[in-house]
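Undergrad:
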Amino acid sequence: MMDIQQLGMTFPLIFNMQNKEEIIWFNPSIIKAGDALKNVSVTAEMVQDASDRLDRFASYLRIAFPETEKAKGIIESPLVKIPKMASALKEFFQTELTGELLLKCDNALPISGSIKARGGIYEVLKIAEQLAIKEGLLKETDDYAVLYTEKFKQFFSNYSIAVGSTGNLGLSIGIMSAKLGFQVTVHMSSDAKQWKKDMLRSKGVIVVEYDFDYSIAVLEGRKQAEKDPSCFFIDDENSIDLFVGYAVAASRLKTQLEQSKIIVDAEHPLFVYLPCGVGGGPGGVAFGLKLLFGDHVHCYFAEPTSSPCMLLGLMTGLHEKISVADIGLDNKTDADGLAVGRPSGFVGKTLEKLISGSYTINDKTLYELLALLADTENILLEPSALAGMTGPIHLTKQGVSLQNATHIVWATGGGMVPSKEMKVYYEKGKQYLIK
Ligand SMILES: *Cc1c(COP(=O)(O)O)cnc(C)c1O
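Per my numbering: the sequence shown = residues 57 to 491.
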């Protein structure tokens, strides 16, 4: 048993977390990005390699998923200004908000409508490429459109892919793997939404349901895959491939910022707020951004007050050795994409000197912001994806200098939510706003 009273003497924020307060933690271990990046296992070359691989697959993706045709098979999302939401936030939180507010709309990512369309899809593509090359069916210089043929579907059907998920990763991996022809099993935690299970089953994906949370779903998936040498397990907790797939977002964002004539330098800092579950998605994106923008970008994680696993792991330095259950939190939240009780140790250790801080948000605030964003900007997100929105508010209240700042709230999902479900989310937010 962990002695939490003892731990709380060193990290008194733990007591506020136990009370489910909305808190912010600033990372005292952050150092110059250049120095921090020298001592981690992931490199710029690995991210570039992932980017190149996604480029090779573009000709396949544009025919396999016609919604990617407009972007020529590149899975990317818009970056939009949300000035009306900025005004609404100021009024709602009764505070100033210096700098420009933008939304990175990963809810609009093609194929699976969430940030998981980055890392999740990337890892499946990498597995497919390696198998095909090893078999002598494919060369890196080929036009990958050939993968969209019966011959390849047949070939991939000899292999299976397994993943444990709270929902969105399962959607991403399931849709992509099934399209290529793999047999695919998704191990779903108890908090996964019914419509996600239904949608996957309709695509021929095997869905195994558990009465337990995310960690158990992952554990079971890993066990099943270990028994079968033709089965590849997508390890959300430890996968470097997932991580670098997410990190590719950074160079794409850099191009978008340049196109919008937004400067990022010492006088024009960039603040990025990333909803965090196990850590791979937000960690990968933050890592990619630190590679490109160094000390001019400041990345913050955002987690539910019931599931602040990454904050807890980073603050205590215990990473995957501590879970929110250890401090008495139940990991129950409507932000299902963030319902993770134990963080990825790999991500925590990779980011521990790069991340600026981490904060929490409760479900009520998520719903309120969901309705506010819908009303002001006509953008519909799932609850998890609103977690980034209070970042600039926290920094303002803490007196962080935000002169000439650009704030990017990473909207991590919502694109696949059925309209009936979305209406329930929205109505809930409106109810809270009225009260
Ligand atoms: C998965 C997910 C996240 C967080 O990603 P992790 O890799 O689990 O940290 C954030 N938002 C949404 C909507 C997600 O599905």
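Just so it is clear, CB atoms sit at the ideal spot from N, CA and C, and this is done for glycine as well. In this text, all values refer to a predicted model and were calculated from it rather than measured experimentally.
1) Please report the residue range of the beta strand (DSSP E) in which Ser221 lies.
2) Does DSSP put Val353 in a helix, a strand or coil?
3) Is the distance from the Cβ of Leu458 to the Cβ of Gly155 below 7 angstroms?
4) So is the beta-carbon of Ala441 under 6 angstroms away from any non-hydrogen atom of ligand 1?
5) List the endpoints of the continuous alpha helix (DSSP H) containing Gly277.
6) If you check the beta carbons only, do Val240 and Ser233 fall under 7 angstroms apart?
7) What are the partner residues of Ser414, as DSSP defines its beta bridges?
8) Which residues does DSSP pair with Glu265 in a beta bridge?
9) Tell me whether Glu438 sits in a helix, a strand or coil according to DSSP, three-state version.
10) Return the CA-CA distance between Val263 and Ile490, expressed in angstroms with no decimal places.
11) Apply the 10 Å Cβ neighbour rule to Ile217 and answer buried if 16 or more other Cβ atoms are within range, or exposed otherwise.
12) List, from N- to C-terminal side, the beta strand (DSSP E) runs of 3 residues or more that fit wholly inside the stretch 91–145.
13) Taking a contact to mean a Cβ-Cβ separation below 7 angstroms, would you say Ala89 touches Lys346 in this structure?
14) Exposed or buried, what is Glu152 when buried is set at 16 or more other beta-carbons lying within 10 Å of its beta-carbon?
15) Residues bridged to Glu433 by DSSP?
16) If the criterion is Cβ atoms closer than 7 angstroms, does the pair Pro495 and Thr468 meet it?
17) Looking at the structure shown, is Glu152 part of a helix, part of a strand, or coil, going by DSSP?
18) Please go through the stretch 277–350 and give each complete beta strand (DSSP E) segment of 3 or more residues, from N-terminal end onward.
19) Using alpha carbons as the reference points, say which of Leu313, Thr205 and Glu282 lies closest to Leu159.
20) Taking 7 angstroms as the cut-off, decide whether the C-beta atoms of Gly169 and Gly471 are in contact.
21) Heavy atom of ligand 1 less than 6 angstroms from the Cβ of Val334, yes or no?
22) Just grab the DSSP bridge partners of Gln239 for me.
23) Once DSSP output is grouped into helix, strand and coil, what is the label at Thr66?
24) Figure out for me which residue from Thr99, Pro166, Gly337 and Tyr266 has the closest Cα to the Cα of Lys128.
25) On the criterion of 16 or more Cβ atoms from any shown chain inside 10 Å, does Val403 qualify as buried, or is it exposed?
26) By the 10 Å Cβ neighbour count, where 16 or more other Cβ atoms means buried, how is Ala52 classified, buried or exposed?
27) In whole angstroms, give me the CA-to-CA distance for Ser258 and Leu117.
28) Within 6 angstroms: the Cβ of Pro84 and any heavy atom of ligand 1?
29) Relative to the alpha-carbon of Thr416, which residue among Ser316, Ile435 and Ala358 has its alpha-carbon at the smallest distance?
30) Can you give the beta carbon distance from Ala184 to Phe212, rounded, assuming they're within the 8 angstroms contact cut?
31) Have a look at Ala306 and Lys195 and give me their C-alpha separation to the nearest angstrom.
32) Assign Leu368 to one of three DSSP states: helix, strand, or coil.
33) Going by DSSP, what residue range makes up the beta strand (DSSP E) through Thr462?
34) Near Thr389, what residues of its chain come up, given a Cβ to Cβ distance below 6 angstroms and the 5 sequence neighbours on each side ignored?
35) Since Tyr481 is in the alpha helix (DSSP H), which residue starts that stretch and which ends it?
36) With a threshold of 16 other CB atoms inside 10 Å of the CB of Asp297, please say whether the residue is buried or exposed.
TA: On the basis of the data shown:
1) Locating residue 221 in the sequence shown gives position 165, where the first residue counts as 1. Its beta strand (DSSP E) spans residues Ser216 to Ser221.
2) Here residue 353 refers to the residue found at position 297 of the sequence shown. Strand.
3) Here residue 458 is taken as the residue at index 402 of the sequence shown, counted from 1. Here residue 155 is taken as the residue at index 99 of the sequence shown, counted from 1. Yes. Within cutoff.
4) By one-based count along the sequence shown, residue 441 stands at place 385. Correct: Ala441 has its Cβ closer than 6 angstroms to ligand 1.
5) Numbered from its first residue, the sequence shown carries residue 277 at position 221. For Gly277, the enclosing alpha helix (DSSP H) stretches over residues Tyr270 to Glu282.
6) For the purposes of this step, residue 240 is taken as residue 184 along the sequence shown, with counting starting at 1. For the purposes of this step, residue 233 is taken as residue 177 along the sequence shown, with counting starting at 1. A Cβ-Cβ contact shorter than 7 angstroms links Val240 with Ser233.
7) Taking the sequence shown and counting its residues from 1, the one referred to as residue 414 is at position 358. The partner list for Ser414 (beta bridge, DSSP) reads Trp81 and Phe357.
8) Counted from its first residue, the sequence shown places residue 265 at position 209. DSSP lists Met244 as partners of Glu265.
9) As a working note, residue 438 is residue 382 in the sequence shown. DSSP places Glu438 in coil when its eight states are reduced to three.
10) Residue numbering aside, residue 263 sits at position 207 when the sequence shown is read from its first letter. Residue numbering aside, residue 490 sits at position 434 when the sequence shown is read from its first letter. In a straight line, the C-alpha of Val263 is about 39 angstroms away from that of Ile490.
11) Your numbering for residue 217 matches position 161 in the sequence shown. Burial call: buried.
12) 135–137
13) Here residue 89 refers to the residue found at position 33 of the sequence shown. Here residue 346 refers to the residue found at position 290 of the sequence shown. Result yes, Cβ atoms of Ala89 and Lys346 sit closer than 7 angstroms.
14) Sequence index remark: in the sequence shown, residue 152 carries index 96 (1-based). Under this definition Glu152 is an exposed residue.
15) The residue given as residue 433 occupies position 377 in the sequence shown. According to DSSP, which records beta bridges pairwise, Glu433 is partnered with nothing at all.
16) Given a span of 57 to 491 for the chain in the structure shown, any question on residue 495 remains unanswerable.
17) In the sequence shown, residue 152 corresponds to position 96, counting from 1. Three-state result, Glu152: coil.
18) The stretch 277–350 contains these whole beta strand (DSSP E) runs: 287–290 and 326–331.
19) Walking along the sequence shown from the start, residue 159 turns up at place 103. Here the closest residue by C-alpha is Leu313.
20) As a working note, residue 169 is residue 113 in the sequence shown. As a working note, residue 471 is residue 415 in the sequence shown. Contact: yes.
21) The residue labelled residue 334 in the question sits at position 278 within the sequence shown. Flag set: Cβ of Val334 near ligand 1.
22) What you label residue 239 is simply residue 183 of the sequence shown in a count that begins at 1. Partner(s): Ser216.
23) Your numbering for residue 66 matches position 10 in the sequence shown. Here Thr66 sits in helix by DSSP.
24) Here residue 128 is taken as the residue at index 72 of the sequence shown, counted from 1. For the residues Thr99, Pro166, Gly337 and Tyr266, the minimum Cα distance to Lys128 belongs to Pro166.
25) Residue numbering aside, residue 403 sits at position 347 when the sequence shown is read from its first letter. Looking at its Cβ environment, which holds 16 or more other Cβ atoms inside 10 Å, Val403 is buried.
26) With the chain covering only 57 through 491, there is no way to say anything about residue 52.
27) Here residue 258 is taken as the residue at index 202 of the sequence shown, counted from 1. Here residue 117 is taken as the residue at index 61 of the sequence shown, counted from 1. Distance between the alpha carbons of Ser258 and Leu117 is about 21 angstroms.
28) Locating residue 84 in the sequence shown gives position 28, counting from the first residue. Not so, every heavy atom of ligand 1 lies at least 6 angstroms from the Cβ.
29) Residue 416 sits at position 360 when you count from the first residue of the sequence shown. Thr416 has its Cα closest to that of Ala358, out of Ser316, Ile435 and Ala358.
30) As a working note, residue 184 is residue 128 in the sequence shown. As a working note, residue 212 is residue 156 in the sequence shown. About 6 angstroms separates the two Cβ atoms, so the contact holds.
31) Mapped onto the sequence shown, residue 306 falls at position 250. Mapped onto the sequence shown, residue 195 falls at position 139. Looking at the two C-alpha atoms, the distance is approximately 27 angstroms.
32) In the sequence shown, the residue the question calls residue 368 occupies position 312. Of the three classes helix, strand and coil, the one that applies to Leu368 here is helix, per DSSP.
33) As a working mapping, residue 462 is identified with position 406 in the sequence shown. Its beta strand (DSSP E) spans residues Thr462 to Ala467.
34) Position 333 of the sequence shown, counted from the start, is the residue given in the question as residue 389. Cβ within range, chain order: Pro360, Ser362, Ser363, Ala395 and Asp419.
35) Taking the sequence shown and counting its residues from 1, the one referred to as residue 481 is at position 425. First-last of the alpha helix (DSSP H) with Tyr481: Ser475 to Ile490.
36) Within the sequence shown, residue 297 is the residue found at index 241, counting from 1. The residue in question, Asp297, is buried, as its Cβ has 16 or more Cβ neighbours within 10 Å.
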